[in-house]
Amino acid sequence: MVYIVALLSVIFLGLAAMVISRMTTVVKNANGPVEEGRIGLSNRINGILFVVFFVVGLIAATWSFLYAKQFFLPEASSPHGRRTDFLFWLSMSIITVAFVVTNALLFIFAWMYQHKEGRKAAYYPENHKLELIWTVIPAIVMAVMVFTGWRAWRDIMAEAPENAQVFEIVGKQFNWIVRYPGVDNNKLGAYNYKLIDNNNDTGIDYTDEASFDDFTSTSELHIPVNKPILLKIRARDVLHSVFIPHLRVKMDAVPGMPTRFQFMADKTTDEMRNITGNPNFGYEIACTEVCGQGHFSMRIRLIVEDDASWQAWCKEQKPLLTSTPELAVRIPTNLKAKAAKYLPADAAPAPADSSTVSVKQTGGGASIASAARR
């Protein structure tokens, strides 16, 4: 480390000496006229360096892009993703063309119109036509880009189709919890953050009978292919962000503010393995918001499969009420008969607590509806 500091110190001193030397030259030249020949030589050198820098930079940028293509994600596995990719590359193309043209003019003009003896610069204090052109054209281009991006955002944030399959994903330090609606008409039960504990890590509210067949998973999310998906998103503690790269899905998970994202996967996991030639390929859901020391571990597998396989997998899963029968203490007396079929045969519902809180789902979260003393 000492040698590195010493080397950096030497480099700094050398650069400082060079700057002081150049400043001294500038001060001397300011005291009197500079020879015409020296000005011409300096300008020619600078003009050539401008052009060389532009050409070398263009070649380097092109090489960098071509080399990086091998690390790009494959074609998106969702219609929304392909639309997003098209808008991205359209924007990049427009920006790249504008960048190359403006910088080419900048560097080439620096060479073409360098100082020459006897040449006088012509000044145009105003040119309304030119100003109108370079104002209106970029404004139209930017308006088109903003409008197309807004339409894509509007579509994913619109109300999901009636046949959309509903799932919920909850982020917490440091893993994802997925909740499935079971078999009851594709409906998730209500939730209440006050009910979260070691047995009920998403706060499922069992005063809502739609919750009885809900089940959860912390290892994978299974979804059917070619079917609209409505992904409801929550966070238990800090800010997280749901990211499914191959589907181009990304949405923040914000504590106290439920969000959502609708999409449709049109390539199963097996199809992507054939397309990529990678037998170990797998979709994943990752967190793209640094949420603490264990942020790196916030990932969960996404399995995209045909509807028959998905239905069969769902039927194999047990409701949380079945695997954790002690949650039955939260069930109101008038709903215990309906909940009985989800409880193990040897597990009768325990007596309710001294009070039972009824919670109804609202658009912005959960609100307490009533409290009845037992």
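Anchor point for the sequence shown: position 256 equals 256 in the numbering used here, and the numbering is continuous, going up by one each time. Backbone N, C-alpha and C define an ideal beta-carbon position, used for all residues, glycine too.
What do you get for residue i, buried or exposed, if any count of 16 or more other CB atoms within 10 angstroms of its CB means buried?
i      : result
Ser354 : For Ser354, the predicted structure reports a pLDDT of 40, less than 50, and the residue's modelled location is therefore unreliable. The matter cannot be settled from this model.
Gly47  : buried
Trp310 : buried
Arg22  : exposed
Pro181 : buried
Lys172 : buried
Pro258 : buried
Leu212 : Note that residue 212 is Phe in the sequence shown here, rather than Leu. Counting Cβ neighbours within 10 Å, Phe212 comes out buried, since at least 16 surround it.
Phe71  : exposed
Lys428 : There is simply no residue 428 to check, as the chain begins at 1 and stops at 374 in what is shown.
Arg119 : exposed
Tyr206 : buried
Val5   : exposed
Lys267 : buried
Leu247 : buried
Leu13  : exposed
Ala98  : exposed
Val101 : exposed
Val136 : exposed
Phe283 : Residue identity check: residue 283 is Tyr in the sequence provided, not Phe. Answer is buried; the Cβ neighbour count reaches 16.
Asn200 : buried
Thr202 : buried
Ala16  : exposed
Asn163 : exposed
Asn192 : buried
Val56  : exposed
So, using beta-carbon positions, are residue i and residue j closer together than 8 Å?
i      : j      : result
Ile140 : Leu221 : no
Ser241 : Glu168 : no
Leu105 : Val166 : no
Ala160 : Gly189 : no
Leu335 : Thr322 : no
Val170 : Ile177 : yes
Thr84  : Ala152 : yes
Leu87  : Thr148 : yes
Tyr269 : Glu305 : One point to set straight first is that residue 269 is Thr, not Tyr, in the sequence displayed. Taking 8 Å as the Cβ cut-off, Thr269 and Glu305 qualify as a contacting pair.
Phe65  : Asn103 : no
Ala110 : Phe50  : yes
Thr216 : Leu320 : yes
Ala265 : Val225 : yes
Examine chain D for any beta-carbon lying closer than 8 Å to the beta-carbon of residue i, and answer yes or no.
i      : result
Asp270 : Structure shown: chain D not included; a single protein chain is present.
Can you give me the start and stop residues for the alpha helix (DSSP H) that residue i sits inside?
i      : result
Thr268 : No alpha helix (DSSP H) holds Thr268; DSSP gives it neither H nor E.
Lys336 : 336-339
His115 : Unbroken run through His115: none, as it is neither H nor E.
Pro138 : 128-157
Thr322 : 320-323
Name the two residues that bound the continuous beta strand (DSSP E) containing residue i.
i      : result
Asn103 : Here Asn103 belongs to no beta strand (DSSP E); instead the alpha helix (DSSP H) covers 79-112.
Gly171 : 165-172
Phe215 : 215-217
Val183 : Here Val183 belongs to no beta strand (DSSP E), and DSSP marks it neither H nor E.
Glu305 : 299-305
Leu221 : 220-224
Which whole-angstrom value is the C-beta distance of residue i and residue j, which I expect to be below 8 Å?
i      : j      : result
Met272 : Phe281 : 5 Å
Ile204 : Asp214 : 6 Å
Lys227 : Asp307 : 7 Å
Phe243 : Cys287 : 7 Å
Ile196 : Arg236 : 7 Å
Pro74  : Ile303 : With a Cβ gap of about 18 Å, Pro74 and Ile303 do not count as contacting.
Phe296 : Ser78  : Their Cβ separation, rounded to whole angstroms, is 26 Å, which puts Phe296 and Ser78 out of contact at 8 Å.
Met298 : Asn198 : Contact doesn't hold; Cβ gap of about 20 Å is too wide.
Ala339 : Ala328 : 6 Å
His115 : Asn43  : 5 Å
Uninterrupted alpha helix (DSSP H) stretches inside the region 232-295 (no shorter than 4 residues)
Runs found: 269-276.
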